């Protein structure tokens, strides 16, 4: 009874009526993601194996921990300042509950992860923002952790790699979140004045108060392809000016054209280029250092 | 007064940047342009005498009449405005002149050109550079203090606010429309955001709230002049100005104070 065939589990590949082994992986329990660019559906495992990049080149968003695994040498990442968590400085209605739900859903305490790691054998400090925690918005904890990381890096004379993704300042923390822009900028300045290297990797989306502070303060600024990077939100600009936005407005490619990023770096080249540029700025290691 | 009434007052008819400059200083000489791209009429800057002391003055100017206001983009600075301010501040640093800023903006200008010319980068550079100036900086918020666009002129040793000025990370309308999808709940959002001068004082974001009694009168400006002079004298006596400024901003949102 061919109609009951689906109930039979195949015992090995040869039984499966000539289908390829790759097709076998596509079982119905594996979640798939549709690419917003080419509309192709792909199993998550294949996306992950490809650094969360679609075969058409579209870069999917990455959680902070996934990005750290992707960029750093195996087992070299050591987290710093992990125990700092958010308060509710203004007593903003609904904020405490929101922090709790988002924290439980994302498994993170706030929207940035800091630490030290090796990339291609070179030591660096790094912070990676978390898109799945209130869209990487910057409140006191994000500001404090990034500031501490720059202070730590200045003391240890280490370079900093920062991967940004943020909707901007976290409005539930009001003026305290606004002040984080000045606080982080001050720490970046001290690190810079000490002659140390700060590399930024902009990822989708980087906007608002983060763009107007540490995201734009790197010695070298890279961006992932297609990332939205800007200060004011595109929708707000459109509503204010009541004009259609130019094609490619606030994309990484447009920033490159206008001179605000150094290069666009697809994930396939990130490890190689970042480790190379870190080595060029390394104080202790030469070109051939492993 | 409720928080939102203060917002309305801050946005309403009151003296603007140029009024403060003319009232407080002598011999103001306006200096134009960012030496990069253009001159932004939303920011007025230059050199002037504060008593017998030369100072650099930078003010957001909103304009009074409809025509003036339109010409000055309603006091919303473009990247060129921030870069002009940056140029004048570096000049002040070179010649050892204190910097006085008057802040009154709903926020940085929101437009295609401003974004393409790096609004975010311009603000970021101001935040960093103001932190490094070796001369005293005092910022006075005289009306609206809108988000990063205001902070870009307020990384100072002393930040003061007039009693009806407001200082906020986002406009109450913007906050209400993002949080509750309803910009008509701005009044409620204004109260939540803690944006009044008294709130800012409690949070430690400003050092002083100045009474508005006699606002716009010659005696009021004379009072401000005396206040600036006294504070600049105190600040100039310090040797660790940049260290103190670092600590001032470093203190916001330390875990123990969160």
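Chains as they are written, first to last, in my numbering: chain A, 1 to 290; chain B, 291 to 548.
A virtual CB, placed ideally from N, CA and C, is assigned to each residue, including glycine.
Predicted, not measured: the structure shown is a model, and the values here were computed from it.
* For chain B, is any of its Cβ atoms less than 8 angstroms away from the one on residue 23 of chain A? -> Because residue 23 of chain A sits at a pLDDT of 49, beneath the cut-off of 50, its placement in the model cannot be relied upon, and the following sentence gives the value as read from the coordinates. By this cut-off, residue 23 of chain A is not an interface position.
* To do: Please specify which runs of the alpha helix (DSSP H), each continuous and at least 4 residues long, are wholly inside the stretch 470-506 of chain B, giving them in chain order.
  => 476-483, 487-493
* Asked: Any heavy atom of the ligand GDP within a distance shorter than 7 angstroms of the CB on residue 490 of chain B?
  -> For the ligand GDP, the structure offers nothing, since it holds no ligand at all.
* Asked: Using a Cβ cut-off of 8 angstroms, which residues of the stretch 148-163 of chain A contact any Cβ in chain B, in chain order?
  -> none
* Taking Cβ-Cβ distances shorter than 8 angstroms, what residues in chain B pair up with residue 118 of chain A? -> The premise fails here: residue 118 of chain A is roughly 29 angstroms from chain B at the closest Cβ pair, so nothing lies under 8 angstroms.
* Asked: On the premise that residue 519 of chain B lies in contact with residue 340 of chain B, defined as a C-beta separation below 8 angstroms, what is that separation, rounded to the nearest angstrom?
  -> 6 angstroms
* To do: Kindly identify the DSSP beta-bridge partner or partners of residue 118 of chain A.
  => A:123
* Smallest Cα separation from residue 315 of chain B: which of B:359, B:383, B:389, B:451? -> B:389
* Beta-bridge pairing of residue 129 of chain A - partner residues as DSSP gives them -> A:112
* Would you call the stretch 411-426 of chain B and the stretch 372-379 of chain B touching, i.e. three or more CB-CB distances under 8 angstroms? -> yes
* **Rounded Cβ spacing between residue 81 of chain A and residue 114 of chain A (contact assumed at less than 8 angstroms)** => 5 angstroms
* residue 24 of chain A, DSSP secondary structure in three states -> At residue 24 of chain A, the pLDDT of 45 sits below 50, so the modelled position is not reliable; the number obtained from the coordinates is stated separately. In this structure, residue 24 of chain A counts as helix in the three-state DSSP scheme.
* At what residues does the alpha helix (DSSP H) containing residue 79 of chain A begin and finish? -> Not the alpha helix (DSSP H): residue 79 of chain A falls in the beta strand (DSSP E), residues 78-80.
* **3-residue-minimum beta strand (DSSP E) runs that sit fully inside the stretch 139-185 of chain A, ordered along the chain** => 160-166
* Inspect the CB distances between the stretch 77-91 of chain A and the stretch 223-230 of chain A and report whether three or more fall short of 8 angstroms. => no
* Where residue 504 of chain B falls, given that 16 or more other Cβ within 10 Å makes a residue buried -> exposed
* Ends of the alpha helix (DSSP H) at residue 282 of chain A? -> Per DSSP, residue 282 of chain A belongs to no alpha helix (DSSP H) and is neither H nor E.
* Asked: For residue 316 of chain B, which beta-bridge partners are listed by DSSP?
  -> B:339
* To do: On the DSSP bridge assignment, give the partners of residue 42 of chain A in chain order.
  => A:33
* To do: Would you list, in chain order, the members of the stretch 471-485 of chain B that have their beta-carbon closer than 8 angstroms to a beta-carbon of chain A?
  => 482, 483, 484, 485
* Nearest chain A C-beta to residue 548 of chain B closer than 8 angstroms, yes or no? -> Only weak support is given to the placement of residue 548 of chain B: the predicted model assigns it a pLDDT of 43, under 50, and the value that follows is read from those uncertain coordinates. Judged by the 8 angstroms Cβ criterion, residue 548 of chain B is in contact with chain A.
* Asked: Whose C-beta lies closer than 7 angstroms to the C-beta of residue 238 of chain A among residues of the same chain, with five residues either side of it excluded?
  -> 245
* Asked: Alpha carbon to alpha carbon, how far is residue 349 of chain B from residue 336 of chain B?
  -> 9 angstroms
* Asked: Going along the chain, which residues of the stretch 222-242 of chain A sit with their C-beta nearer than 7 angstroms to a C-beta in chain B?
  -> 230, 231, 232, 236, 237, 240, 241
* Asked: Grouping DSSP H, G and I as helix and E and B as strand, with all else coil, what is residue 530 of chain B?
  -> coil
* To do: For residue 294 of chain B, go through chain A and note every residue whose CB falls closer than 7 angstroms to its CB, in chain order.
  => Residues of chain A passing the Cβ test: none, with the nearest at roughly 15 angstroms.
* Backbone CA spacing between residue 21 of chain A and residue 42 of chain A [nearest angstrom] -> Unreliable positioning characterises residue 21 of chain A in this predicted model, as indicated by a pLDDT of 45, which lies under 50. The coordinate reading is nonetheless provided below. Between residue 21 of chain A and residue 42 of chain A, the C-alpha separation is close to 16 angstroms.
* Sequence-distant residues of its chain with Cβ nearer than 6 angstroms to residue 436 of chain B (five each side left out) -> 395, 396, 397
* Asked: Going by the beta-carbon positions, is the gap between residue 175 of chain A and residue 201 of chain A smaller than 8 angstroms?
  -> no
* **Residues sharing a beta bridge with residue 391 of chain B, DSSP** => B:348, B:429
* Hey, residue 401 of chain B and residue 241 of chain A: beta-carbon distance below 8 angstroms or not? -> yes
* Would you list the residues sitting across from residue 450 of chain B in a DSSP beta bridge? => B:430, B:498
* Given a threshold of 16 other Cβ atoms within 10 Å of its Cβ, counted over all protein chains shown, does residue 59 of chain A qualify as buried or as exposed? -> buried
* Cβ of residue 103 of chain A less than 8 angstroms from any chain B Cβ? -> no
* Helix, strand or coil at residue 292 of chain A [DSSP, three-state] -> Chain A is shown from 1 up to 290; residue 292 of chain A falls before or after that span and cannot be answered.
* Taking only the alpha-carbon atoms, compute the straight-line gap between residue 192 of chain A and residue 484 of chain B and give it to the nearest angstrom. => 34 angstroms
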